[in-house]
Amino acid sequence: MKRIQLLLGVAGFGALAVMGWSAGQQSDLVIKFLGAGKPTIALPDFRGAGGAAQYADVFNKTVFDDVQRAGVFTMAPKSFYPLNPPQQESDLRTPAAPEPARRNAPPPVAKDCGGRCLSDWASSPVSAAYLGFGYASEQNGQFVVFGHLYNPTIPDLNGARLFRKLYNGELNENGARQVAHQYAADILNQLGVASLAGSKVYFVSDRQGRGTKEIWSMDFDGSNEKRLTSFNSITTMPAVSPDGTRLAFTTFAKGQPRLMMYSTVTGRFIPFLNPQASVNAQPNFTPDGKNVLFASTADPRFMNIYISDLDGGGLRRLSNVRAVEAEPKVNPKNGHDVLVVSGRGGMQQIYMMNIDGADPVRLTTGEGEASNPAWNPNGQHIAFSWTRGYAPGNWNLFIMDVSSRETVQLTHGEGRNENPSWAPDGRHLAFSSNRTGKSQIFTMLADGTEVRQLTTQGNNYMPVWVK
Amino acid sequence: MKRNQIALILMVASLLLVSAGCKKKVPAPPPPPPPPAPVQVQEKPKAAVINSFTAEPSTIVKGESSTLRWSVANSTTVTIDGGIGTVQASGSRSVSPTENTTYRMTASGAGGDAVAAVTVYVTTPPPPPPPVEAPKPSLEQRLSEVQDIYFDYDKSEVREDARAILQKDADAIKAILSDFPSAVITLEGHCDERGSAEYNLGLGDRRSTSAKEFLAQVGLPADRLKTISYGKERPACTESNEACWAKNRRVHFAGAQ
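What follows is the structure, encoded as structure tokens:
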């Protein structure tokens, strides 16, 4: 396999985000997963005053997690931090003026001031390019944080300051977490990286027992889990409309598997007319939000791909092959390319066809079995599960550049790794893995690092990460 | 009648006595009249009288017995035919005739004979009642005799060894469908855990459809066979090894009325 590098680096990503990964750039796109060139950040813990003290830990942990998970910074090891970090701007001192430099002499070395000088952070061993500091306090019954971000490599205090900002939240754990997400988002913004804070993950859980599965949602960091359905049946394979207002899924509640739709705004069910078929499953919305693709046995011989209006009307057949086809996924950028898992050539592989069903091409090599394709929001990369190189059932996650077919393997046999779903930032993936025993939802950076486990109760599957 | 007159007189006299007693002393009653002269009846020899002759019960089932009872007066001999012979003037006798039998009684008396007859009717017993029925097996019990059929990995063709089983299943299902006229048989398609859950919905559907086509070809009514694919959602076995996977790649038969 050719060596592939995906430019997730700071400068590169910022540029790409702005330029939209144009076609010209893409052909010689250098994809780099190694994370070289990430600037180092130091985030000394904030201390809390009064009633805010008890929530300082939650705040610090959340900020650190958000920033680390974003994968755009190298986190300076905390053990390297000076012992006396600043809490407010007035704590900052300029190092004692060194001896005036003489002509042709080496530059003077700043003196250590225990953390109160920016140079303490910029110099070895911390070697940070970014320093976040501040404190939390209780004010009028609110959790208030005064957060700062400095570039410690700039000696001038005013020039070094990137931002300082007051944040207010409720005086409880949730408030501290929300404030932390906001502060972390502002730090990430400095690198042109969108924060994941506020994004949600829909997923399937069997934690209710009795062989049932229901659709759940949670915040991107695993907090705030909520059960959305209660059919006491097998309810699975969720999809969310591009505007986030509709949740569609597959349920056995009425016997044979069929599609159902639910408004995330009103919490009510939206009628959807299922075709007469033994299987209607795996909904996927088009990017304009006007149609839904799904797998169906409307022609009873083989499960194939169909498209309909949002209410199930206007049914059309997209694929017509004598093989099982599943998991249609429309390109979110152009609304034209449809990924599909097909057994038309033998074992299941990932194919791409036009939204009218024409011109199917196989994307995976034909080795092993491939499934669970997921479009990156950029419409150019996909993540998917593949057993290539492993026995059937041993799924690993891969990323592919659709235009070049180049792939990168992200997991390497740590249990079954399935159903990758891209985060709204296009840089993270949620997926399920049974690497710790039961199947759980994890997130990671798209280079396979920064792995976090989000769920712990029961078995959890099929995450869908949305704004 | 003289007796009546006497009685009347006695009665009037006693009434007078009572009424007299209520008033005042009456004179002593006259002496009673002399008793009437005894009627001189010519002693004629008496004829035999059969007071009763019954059979209880009068109708028996073959093998049962009936009791003859009789009471005869003024007889010198009493005989009953039908193999009973001479009997006493009053008595009973148990009889077990095997067919309708009329018993004749002849009572001979000095003054004449009397004859009576009683018939014992014999019915043949009805045929035995039907044997107590074993409780009818439920649809579920009947379906437990219909064997699952198994498939190769990622395959939905009915294997050679499965065809023989499916043929047996077809016979069993045919009988079940006729015994349960409203029943519909559900063919559940299942897969092992290795393929993706999404693809397996289609594969399980293929397996149940293959089995349905086979059953329809051998003459089962397709409209009473329904398919459902569970993919890998309802494993029969949950271990991760080939023995377990093989058990999960199956079509299972369920039913509803």
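Residue numbers (this note's numbering), protein chains in the order written: chain A, 9 to 475; chain B, 3 to 259.
Where is the CB? At the ideal position from N, CA and C, for every residue including glycine.
Paired residues, beta bridge with residue i - DSSP
i: L51 (chain A); result: Its beta-bridge partners do not exist; DSSP assigns none.
i: V201 (chain A); result: Paired residue(s): none; V201 (chain A) is not in a bridge.
i: C125 (chain A); result: A:R101
i: T451 (chain A); result: A:A438, A:R460
i: T244 (chain A); result: A:T258
i: K173 (chain A); result: A:G155
i: S98 (chain B); result: Its beta-bridge partners do not exist; DSSP assigns none.
i: V51 (chain B); result: B:A75
Straight-line gap, residue i to residue j (C-alpha atoms, nearest Å)
i: S68 (chain B); j: P47 (chain B); result: 35 Å
i: G354 (chain A); j: A248 (chain B); result: 20 Å
i: C246 (chain B); j: C239 (chain B); result: 5 Å
i: Q62 (chain A); j: L437 (chain A); result: 32 Å
i: E458 (chain A); j: A303 (chain A); result: 34 Å
i: N171 (chain A); j: L405 (chain A); result: Checking the sequence, you will find Phe at residue 171 (chain A) rather than Asn. Going from the Cα of F171 (chain A) to the Cα of L405 (chain A) covers about 38 Å.
i: T244 (chain A); j: T258 (chain A); result: 5 Å
i: T56 (chain B); j: A118 (chain B); result: 10 Å
i: E146 (chain A); j: G56 (chain A); result: 8 Å
i: G456 (chain A); j: T82 (chain A); result: 15 Å
i: A172 (chain B); j: V160 (chain B); result: 14 Å
i: M269 (chain A); j: P250 (chain A); result: 14 Å
i: I242 (chain A); j: G200 (chain A); result: 41 Å
i: P137 (chain B); j: P129 (chain B); result: 23 Å
i: R74 (chain B); j: R95 (chain B); result: Inspection of the sequence shows that residue 74 (chain B) is occupied by Val rather than by Arg. One C-alpha to the other measures close to 14 Å.
i: T419 (chain A); j: W430 (chain A); result: 15 Å
i: N425 (chain A); j: N92 (chain A); result: 43 Å
i: A256 (chain B); j: G219 (chain A); result: 18 Å
i: F228 (chain A); j: E375 (chain A); result: 33 Å
i: G84 (chain B); j: M107 (chain B); result: 10 Å
i: Q388 (chain A); j: D409 (chain A); result: 6 Å
i: P99 (chain B); j: V120 (chain B); result: 13 Å
i: Q259 (chain B); j: P139 (chain B); result: 14 Å
i: L318 (chain A); j: R185 (chain A); result: 37 Å
i: V71 (chain A); j: Q150 (chain A); result: 19 Å
i: G230 (chain A); j: K176 (chain B); result: 53 Å
i: I52 (chain B); j: P131 (chain B); result: 43 Å
i: T88 (chain B); j: N6 (chain B); result: 44 Å
i: L267 (chain A); j: D307 (chain A); result: 17 Å
i: R483 (chain A); j: L462 (chain A); result: This structure does not reach residue 483 (chain A), given that chain A is present from 9 up to 475, and the question cannot be answered.
i: V38 (chain A); j: Y359 (chain A); result: Because V38 (chain A) sits at a pLDDT of 32, beneath the cut-off of 50, its placement in the model cannot be relied upon, and the following sentence gives the value as read from the coordinates. Rounded to whole angstroms, V38 (chain A) to Y359 (chain A) spans 24 Å at the Cα level.
Buried or exposed (CB count within 10 angstroms, at least 16 for buried), residue i
i: N384 (chain A); result: buried
i: P471 (chain A); result: buried
i: R252 (chain B); result: buried
i: E135 (chain B); result: exposed
i: F54 (chain A); result: buried
i: I49 (chain A); result: buried
i: R435 (chain A); result: buried
i: K170 (chain B); result: exposed
i: W29 (chain A); result: Only weak support is given to the placement of W29 (chain A): the predicted model assigns it a pLDDT of 35, under 50, and the value that follows is read from those uncertain coordinates. It counts as buried.
i: E162 (chain B); result: exposed
i: R77 (chain A); result: buried
Unbroken beta strand (DSSP E) run spanning residue i, endpoints
i: Y89 (chain A); result: Element bounds for Y89 (chain A): n/a, residue is neither H nor E.
i: R254 (chain A); result: 254-259
i: G140 (chain A); result: 138-147
i: T108 (chain B); result: 103-111
i: V75 (chain A); result: Note, V75 (chain A): premise wrong, no beta strand (DSSP E); alpha helix (DSSP H) at 64-78.
i: N282 (chain A); result: No beta strand (DSSP E) holds N282 (chain A); DSSP gives it neither H nor E.
i: E333 (chain A); result: 333-338
i: G114 (chain B); result: 114-125
Bounding residues of the alpha helix (DSSP H) (the contiguous stretch that carries residue i)
i: D171 (chain B); result: 162-181
i: A245 (chain B); result: 244-250
i: T289 (chain B); result: This structure cannot speak to residue 289 (chain B), because chain B is shown only from 3 to 259.
i: E458 (chain A); result: Run containing E458 (chain A): none; DSSP gives neither H nor E here.
Proximity test, residue i beta-carbon vs the ligand SAH heavy atom, cut-off 8 Å
i: G206 (chain A); result: Absent from the structure shown: the ligand SAH. Ligands present: none.
- request: Decide if the stretch 95-115 of chain B is in contact with the stretch 46-62 of chain B; the criterion is three or more beta carbon pairs, one per stretch, under 8 Å apart.
  value: yes
Stretch-stretch touch, CB-based, cutoff 8 Å, three pairs: the stretch 371-389 of chain A with the stretch 312-331 of chain A: no
- prompt: For the 8 Å Cβ check, are there 3 or more pairs between the stretch 210-226 of chain B and the stretch 394-402 of chain A?
  reply: no
- request: Say whether the stretch 178-192 of chain B touches the stretch 224-240 of chain B, bearing in mind that this needs 3 or more beta-carbon pairs closer than 8 Å, one atom from each stretch.
  value: yes
query: Do the stretch 143-162 of chain A and the stretch 120-131 of chain A touch if we need at least three Cβ pairs shorter than 8 Å?
result: yes
query: Should the stretch 56-66 of chain B be called in touch with the stretch 124-138 of chain B, which here means at least 3 C-beta pairs below 8 Å?
result: With a cut-off of 8 Å, the stretch 124-138 of chain B and the stretch 56-66 of chain B count as touching, because enough Cβ pairs lie within range.
message: Whether or not the stretch 93-102 of chain A and the stretch 58-76 of chain A are in contact is what I'm after, with contact meaning three or more pairs of Cβ atoms, one per stretch, closer than 8 Å; do they touch?
response: no
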